[in-house]
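Residue 1 is where the sequence shown starts when you use the UniProt record's numbering, and the numbers rise one by one after that. Idealized CB from N, CA, C, for every residue including glycine. Treat the numbers as computed from the prediction; the structure is a model and nothing was measured.
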Amino acid sequence: MSEKYKTVPHERPFRYEEGDLNVTRGCAWTGPGCHLGCGVIMYTDADGKFVKCEGDPEDPWTEGRLCMRCLDAPEVTNHKERLLYPMKRDPRDRGKDIWERITWDEAYDLITEKFMDMKEKYGAESVIFAQGTGRDIAAYITRLAWSFGSPNYTGLLSGQACYLPRIAGMAATTGAPWIPDAAQQFPERYDHPDYEVPEVMFIWGNYPLKSNIEGFYGHWVIDLMKRGMKIVTVDPKVTWLATKSELHLRVRPGTDAALALGMMNVIIEEDLYDHEFVEKWCYGFEELRARAAEFPVEKVAEITWVPADKIVAAARILGNAANSTLQWGVAVDMTREAMPAGQAILALWEITGNMERPGGMIVAPEILPVAGGWGREILGPVQEEKRIGIKDYPLYNFGFAVSQPDETVRTMETGEPYEIHGAWLQTTNPIACMGADPQRLYKALNKLDFIVVVDLFKTPTIAALADVVLPAQTFAERNGIAFVSGAQRGSTINKVTSVGETKSDMEINLELGRRWNPEAWPWDNVDDMFTDMLKPTDMSFEELQEVAPAYQPIEYYRYEKGMLRPDGEPGFNTPTGRIELWSNFYSRAGLDPLPYFEEPEPGPGSTPDLMEEYPLVMTSGARFWGMFHSEHRQIERMRHYRPWPLMEIHPETAEKYGIRDGDWVWMEGPLGRAKRKAKLTPVMDRRMVSCDHGWWFPEGDPEKFYDVFDLNINNTLPWIPGKSGFGSNYKSSICKIYKVEEGE
C-alpha cells in the first residue's frame with residue numbers, strides 16, 4: 001500500500017467465523033438505505049443466507065452505531081417481493097401487470113438491439129440515462145451513458161435540487177466543496193493532535209440525527225457536544241437538537257438566504273468579521289457589504305418569521321466564536337434560488353475566517369474524484385455540445401456533466417432541440433419521489449419508445465413505464481468501492497450472499513458496456529474494474545478489502561501552502577485565487593455575482609393574492625426513521641414504524657379546520673393535491689404543515705401504480721428551476737387542507 005494512505009489496525013480480520021456463522025466486515029454504501037457508508041458486520045449461515053447485520057465497533061466513523069435501516073438489511077435482502085430475475089413486457093402493455101421472465105442474455109440482447117437502433121436512427125443523445133439518490137452508482141452509470149455516446153446523464157429532479165446546488169455553488173465561488181470539520185478525516189478522530197473542537201456548530205436546513213450527506217453522521221454532533229461544542233439550529237420545526245441549542249431560529253421555509261444576509265449585515269456592521277482573512281483571501285468584500293446592507297434585521301425578521309433579536313444573537317455567536325462550523329442540508333437546495341442562498345450562508349463562515357482551520361470548514365479530501373462522473377473523456381466534444389440545457393443554463397458547463405432536468409422533461413414533451421426515444425432508469429423511482437408534477441413526468445416518459453429500469457423491487461415507475469426490468473442487488477450481495485461523499489476514505493462493500501438471479505448495478509453496467517463499447521470497458525469482471533479505479537492508491541481491490549478503511553493524510557491551512565490549486569500557488573482554485581464573495585463564474589454565466597434573496601413562488605411574499613385560498617405554508621421531505629426516500633415501503637418492520645404518509649400540523653391549526661389526529665386529509669396547492677394522515681404535534685409552526693415525501697402503497701394495485709398519484713406530495717409542485725438551472729421549490733409552497741370524504 002502507498003505511504004500516502006493510513007489505515008486503522010483491526011482486532012478482527014476482514015472475514016472470520018463465529019460459531020456456526022460466517023462473519024464479514026464491510027460497508028453499507030448502496031441500496032437499500034442512505035448515503036453514508038456505515039461500517040457493518042454481516043453474518044451468514046451455513047447455507048449462505050444473510051441472517052444478521054450489526055455495527056462494526058472498529059470503524060472509526062461509526063464505532064458500532066447503526067440505524068434501523070442497516071439493522072434490518074437481512075429482511076430487505078431476503079424479502080419475498082424482491083425482483084429476482086429479468087423481466088420484459090410489450091411496450092403496448094405499459095401500465096398492465098403483464099410480465100414475462102427472461103434470461104440475462106435475452107435482456108441484454110433486447111436492450112442492445114433497441115438502444116443501438118435508436119442510436120442509429122436518432123443519435124445516441126436520443127437516450128437519457130437517469131439515476132436517483134447518490135450512493136455509489138454515479139461513476140458507473142455516467143460511464144455507461146458516455147460510452148454509449150449519450151450526453152444526457154441526469155437526475156429527474158427539478159433544478160437538480162439535492163446537494164448539487166451547494167456543490168456547484170461552492171465550486172464556482174471557492175474552487176472546491178467544503179464540509180464541517182468533525183475530525184472525520186483522521187483515523188484517530190478527535191484525538192488527533194491538530195484537531196480542535198468547534199466552539200459552535202450551526203445546523204442549518206438539516207436534521208443530522210435522521211438524515212445527512214457529505215459523509216456526516218448525526219452522532220458526531222452529540223460527540224462534539226459532549227466535548228463542549230454548542231449548537232445553533234436553523235429549522236422551522238422544534239427538534240430534539242433544537243431543544244439543546246443555544247438558539248433555535250424557526251425560519252420560514254425558503255427564506256434562508258434572507259436570514260443569512262441579515263446575519264451578515266450584523267457581522268459586518270458590528271465589525272465581527274476576520275479582517276486579515278478577508279483582506280488577504282477574499283474577493284469582492286465591499287460589494288458584499290453593500291448587498292448585506294439591503295437586509296436590516298427588522299426587514300429580515302418580517303420575511304423569515306425569525307425575531308430580530310434572535311437574528312442579532314445568532315450573528316454575534318458566530319462572529320465572536322473562536323472557531324465555528326456549519327452542518328447544512330438539502331433545505332438550502334430545495335428552494336428555487338438555491339445558488340445564492342448557499343452562497344450567502346457559506347459567506348458567513350468565509351468572512352469570519354472559519355475556512356481550512358481546525359474545527360471550521362475544510363475542503364473535502366478526495367482519494368478518487370468520481371463525483372462528476374467517470375469516463376467523461378469517452379464522450380467527445382461533438383456529443384458534449386448536445387447535452388440538454390447547457391445553452392439555456394451556462395452554469396451547467398462548469399463541472400457537473402449532467403443534462404438540466406427541467407429542460408430534459410421539456411425536450412421529451414416537445415422534441416426540441418431533438419427527440420428523446422429511450423430511457424435507462426437506474427436506482428430511481430421518479431414518478432414516486434424525485435419528479436415534480438409526477439403526472440406530467442409520467443406522460444413525458446410514456447411517450448418514449450423503450451424504457452429500462454434497474455431496481456430491487458417493483459415500484460410505481462416500473463409498473464407504469466418499464467419495458468425491461470433488471471433486478472439489482474443489495475449491499476450484502478455484491479462487492480464495491482465505498483469512498484463515500486464528503487471526506488473520502490477507502491472502504492469496500494463486500495459480498496456475503498446471493499439471492500435469485502440478481503446482479504450488482506456495476507456488474508450490469510460493465511456487462512452492457514462491454515457489448516456497446518468494449519474499448520471503454522476493458523475489464524473481465526467488476527473486481528478488476530475496481531482495482532483499475534484504485535490505481536492512485538497503489539492498492540488492488542483485494543488489498544483494500546483487507547485493510548479498509550484507508551485515509552489520505554490531510555493538514556489544515558492548505559490554501560497557504562499551494563495545496564488547493566493545480567498550479568501549486570497559494571490561494572484557492574478560482575480565477576482570482578481567492579474565495580470569491582463576488583463570483584466571476586456567476587458573472588460569466590449571466591447571473592448575479594453576489595448572493596441575493598428571492599421569494600419562493602408561490603408563497604406569502606410572492607403571491608399574496610393566493611393566500612386567502614391557500615393560507616398555509618407547506619414543506620416536505622423531512623426524513624424519518626426506517627425509510628429512505630421511496631424505499632422500504634414494503635418492508636414489514638420499517639412499515640410498522642411508519643404505516644402511513646403523514647402530514648404534521650399544530651393542534652390549534654388542525655382544530656381551526658375541523659381535523660383530528662389520524663384523520664385522512666387532502667393537502668391541496670395551486671397545482672394539485674395529495675392524501676395524508678394528520679399527525680397533530682406542537683413542534684409545528686401554526687402557519688405551516690409538513691408532509692412526508694416519496695409515498696406509495698406496495699400492497700396496492702400495480703395497474704393503478706400503487707396509488708402513487710393519490711399519495712405523491714409532488715402533485716402540488718411545478719417544474720420551475722432557479723435562474724442558474726439549479727434549485728427548485730420542493731420545500732416551500734402554499735396549501736389548503738380539508739378532510740377526505742368517504743369513498744375518496
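{"query": "Cα-Cα separation between residue 124 and residue 425, rounded to whole angstroms", "result": "16 Å"}
{"query": "The beta strand (DSSP E) enclosing residue 469, as first and last residue numbers", "result": "468-471"}
{"query": "Assumed close pair residue 482, residue 136 - CB separation to whole angstroms, cut-off 8 Å", "result": "6 Å"}
{"query": "Environment of residue 580 [buried if 16+ CB atoms lie within 10 Å]", "result": "buried"}
{"query": "Residues that DSSP places opposite residue 647 in a beta bridge", "result": "678 and 691"}
{"query": "Sufficient close CB pairs (3 or more, under 8 Å) joining the region 335-345 to the region 160-171", "result": "yes"}
{"query": "contact_flag[the region 494-509, the region 521-537] where n(CB pairs < 8 Å) is 3 or more", "result": "yes"}
{"query": "Cα-Cα separation between residue 257 and residue 439, rounded to whole angstroms", "result": "31 Å"}
{"query": "Delimiting residues of the beta strand (DSSP E) encompassing residue 267", "result": "Unbroken run through residue 267 is the alpha helix (DSSP H), 256-269; no beta strand (DSSP E)."}
{"query": "Residues near residue 653 by beta carbon distance below 6 Å, same chain, minus five either side", "result": "686"}
{"query": "Cβ of residue 340 within 8 Å of any chain C Cβ", "result": "Protein chains in the displayed structure number just one, and chain C is not present."}
{"query": "Cβ contact check for the region 700-716 and the region 436-450: 3 or more pairs under 8 Å", "result": "yes"}
{"query": "Local conformation of residue 338 per DSSP, three classes", "result": "helix"}
{"query": "Residue 84 burial status per 10 Å Cβ neighbour count (16 or more: buried)", "result": "exposed"}
{"query": "Pick from 468, 536, 641 and 638 that is closest to residue 105, judged by C-alpha positions", "result": "468"}
{"query": "Cutoff 6 Å; reference residue 417; Cβ partners in own chain excluding five residues on either side", "result": "none"}
{"query": "Every unbroken alpha helix (DSSP H) within the region 457-535, with a cutoff of 4 residues, ordered by chain", "result": "460-465, 505-516 and 526-533"}
{"query": "Minimum C-alpha distance to residue 471 - residue among 455, 461, 479 and 464", "result": "455"}
{"query": "Cβ separation of residue 583 and residue 593, assumed to be a contact under 8 Å, to the nearest whole Å", "result": "5 Å"}
{"query": "Stretch pair the region 196-208 + the region 320-333: three plus CB contacts closer than 8 Å", "result": "yes"}
{"query": "Given residue 306 as reference, the closest of 276, 721, 537 and 248 once Cα atoms are compared", "result": "248"}
{"query": "Counted within 10 angstroms of its Cβ, other Cβ atoms place residue 98 as buried (16 or more) or exposed", "result": "exposed"}
{"query": "Assumed close pair residue 214, residue 485 - CB separation to whole angstroms, cut-off 8 Å", "result": "5 Å"}
{"query": "Span of the alpha helix (DSSP H) around residue 223", "result": "218-226"}
{"query": "DSSP bridge partner residues for residue 22 (one or two, in chain order)", "result": "17 and 44"}
{"query": "At least three beta-carbon pairs within less than 8 Å, the region 229-239 to the region 185-195", "result": "no"}
{"query": "Three-way DSSP call (helix, strand, coil) for residue 425 in this model", "result": "strand"}
{"query": "Cα-Cα separation, residue 277 to residue 500", "result": "59 Å"}
{"query": "DSSP bridge partner residues for residue 203 (one or two, in chain order)", "result": "233 and 327"}
{"query": "Neighbourhood of residue 691 by C-beta distance below 8 Å, restricted to the same chain and skipping five residues each side", "result": "618, 619, 620, 645, 646, 647, 648, 667, 674, 676 and 713"}
{"query": "Whether residue 153 touches residue 402 by CB criterion (8 Å)", "result": "yes"}
{"query": "Residue 279 - containing alpha helix (DSSP H), residue span", "result": "275-281"}
{"query": "C-beta atoms of residue 628 and residue 28 nearer than 8 Å", "result": "no"}
{"query": "Residues bridged to residue 666 [DSSP beta-bridge criterion]", "result": "675 and 738"}
{"query": "Residue 709, DSSP secondary structure in three states", "result": "helix"}
{"query": "Own chain residues within Cβ distance below 8 Å of residue 449, not counting five before or after", "result": "91, 114, 118, 421 and 422"}
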